[in-house]
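Residue 425 in numbering that gives the first Met the number 0 sits at position 426 of the sequence shown, with consecutive numbering throughout. Heads up, the beta-carbon is just placed ideally off N, CA and C, and yes, glycines get one too.
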Amino acid sequence: MSSAVRSPRASCLILAGLVLASTAAAPAPALASSASATARPQTARTPTTPPTLPPALPLPYDEQRGVFTFAAGLERSLPAVVQVTTLGSSRGPTSDENAAKPLQSGSGVIIDARQGILVTNNHVVEGGGKFTVDLTDGRLFDAVLVGTDKATDLAVLRIVADDPASLGLSQVETVDSDTLRTGDLAFAVGYPLGLDQTLTMGVISGLGRSGLGDAVEDYIQTDAAVNSGNSGGPLLDSRGRLIGINTSILSGGSDPLGLGGRGGNDGIAFAVPTRIMMFVVDQLREDGEVTRGRIGAVLGSLNAQRARDLGLRIVRGAVVEDVTPGSPMEQAGLRRRDVLTRIQNRAVANAGSVLATVGIAEPGARLSVVYLREGREATTTLTVGPMDPPAVAVGRDAVIAFGAQFSGGHAGGVRVDAVEGGSDFARIDLRAGDYVTEVDGAAVADLAGLAAALAAEAPLKLTVRREDETIVLTEVRGPAPEAD
């Protein structure tokens, strides 16, 4: 018998063929047994269509070298991964003595080669006055800061050139991070620990991670090795497409979020998903800043203890702890102790899940919400409001205006429940516990009347009852007057 050498891939396919052949032949013994039985009437059987099997897709294999590899897809993206160095501002004329000194360095990835646009982390460029970009082919360019967003730890730089399109830059292909699944392969690329460009491999360990800080968080978790210097570098899928920006690690050492201290890789790293990245980058490129909306609520994460308090048998969700009067949350009909379970058809794991969705929603956006109230599920639509609240916000049971909160339904009139320090009303000595009885000489009977009076443009004169004393206060809008 002549011998033949087969490639591993061919062996896999042949093995698959043997398995399929044996599977298809399996019914034969049963038919033979049936045929050898005593004369028994045979009934006609309806032919069945065999199930359609998915095509065999072996691991990427290099026939010439005889190895399995992902290089073909990744090599197209590696030239787009750059090293970013942040320098301080120099004082006076540039010389060897006062030249800008490097502050920190990290990684970045070019997303628009024609315009020379690249993305990195905010903490990589923070405090810098000058920036340089080092390409894999050895070229070095200056870059200018287009904008930063501290809430997502993202920054956009632009390579300085008369015609960036003529530089022959490479750019990475971006894919929607919402298509990711836990278990997908992931590759982190960057310049860690002073080394040249380095690629590490892992898997997507989890999605929708939050609770690491108070920012907009909806992280991809991966076990691909990420260390100091990887900040701002890309997280790629097995085809070399951008799925996230590496931004933080969780380490047994120190500096768990900055990637810039002594904390080392423990196999838990986080990346900002492209879903959030593109929202931020588009706004930074267009306006130089990110405009977000507000919903006017304090949210807490549902845990086992809170679930018991609310009589629930779930431990995932966001609890509405407080609602601002007149806010989008109140207008959507949401109340304290409601538990949000889905927003925009995305499961809510904790308060961070809601903040991440609201954090990439512009004012006016309508968000579908599923929530529990006393154990019963309901739905509503939440319209994101502008970041700056209106001067006079009218709610179901309260009014907020110029730094003070008022409530109605009291025998003594409209009561002042709270006054924010430094506000217009605080400067004229309006106090919590005061009762507003008149505005500009007109009697105030309820919240609606108070809100209408406070909405006037002219300065107001408030008459309040404080214990057994009647006091007249003149409300001066705007900044406090300067001392003579």
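- Under the three-pair Cβ rule at 8 Å, the stretch 300-313 does not count as touching the stretch 177-190.
- In the three-state scheme derived from DSSP, where H, G and I count as helix and E and B as strand, residue 286 is classed as helix.
- Residue 157 and residue 115 do touch by the CB rule: their CB atoms are close to 5 Å apart, below 8 Å.
- In the displayed model, residue 275 falls within a helix according to three-state DSSP.
- Fewer than three beta-carbon pairs drawn from the stretch 389-399 and the stretch 346-354 are found closer than 8 Å, and the two stretches are therefore not classed as touching.
- Considering only 297, 316 and 221, the residue with the shortest C-alpha distance to residue 270 is 221.
- In the DSSP annotation of this structure, the continuous segment of the beta strand (DSSP E) that includes residue 207 starts and ends at 197-208.
- Proximity to residue 122 across 207, 229, 162 and 448 peaks at 229, based on C-alpha coordinates.
- Spatial neighbours of residue 454 in its own chain (CB-CB distance under 6 Å, excluding positions within 5 residues in sequence) are listed in chain order as 391.
- The residues 236, 240, 241, 242 and 273, in chain order, have a CB closer than 7 Å to that of residue 174 in the same chain once the five nearest residues on each side in sequence are set aside.
- In the displayed model, residue 422 falls within coil according to three-state DSSP, outside both helix and strand.
- Exclusion of the five residues before and after residue 78 leaves 135 and 169 as the residues of its chain whose Cβ lies within less than 6 Å of its Cβ.
- Closest in alpha carbon position to residue 462, among 433, 448 and 445, is 433.
- Put simply, the backbone Cα of residue 145 is about 11 Å away from that of residue 153.
- Assignment of residue 121 by DSSP, reduced to helix, strand and coil, places it in the helix class.
- Annotation: the continuous alpha helix (DSSP H) that includes residue 329 extends over 327-330.
- Taking 8 Å as the cut-off, the Cβ atoms of residue 358 and residue 338 do not count as close.
- Under the three-state reduction of DSSP output, residue 73 falls in the helix class.
- In this structure, the beta-carbon distance from residue 326 to residue 384 falls below 8 Å.
- It is roughly 24 Å from the alpha-carbon of residue 460 to the alpha-carbon of residue 324.
- The beta-carbon distance between residue 245 and residue 187, rounded to whole angstroms, is 6 Å. This is short enough to meet the 8 Å contact definition.
- Note on residue 233: 16 or more other CB atoms within 10 angstroms of its CB, so buried under the neighbour-count rule.
- Contact between residue 416 and residue 404 is confirmed by a C-beta separation of about 5 Å, below the 8 Å threshold.
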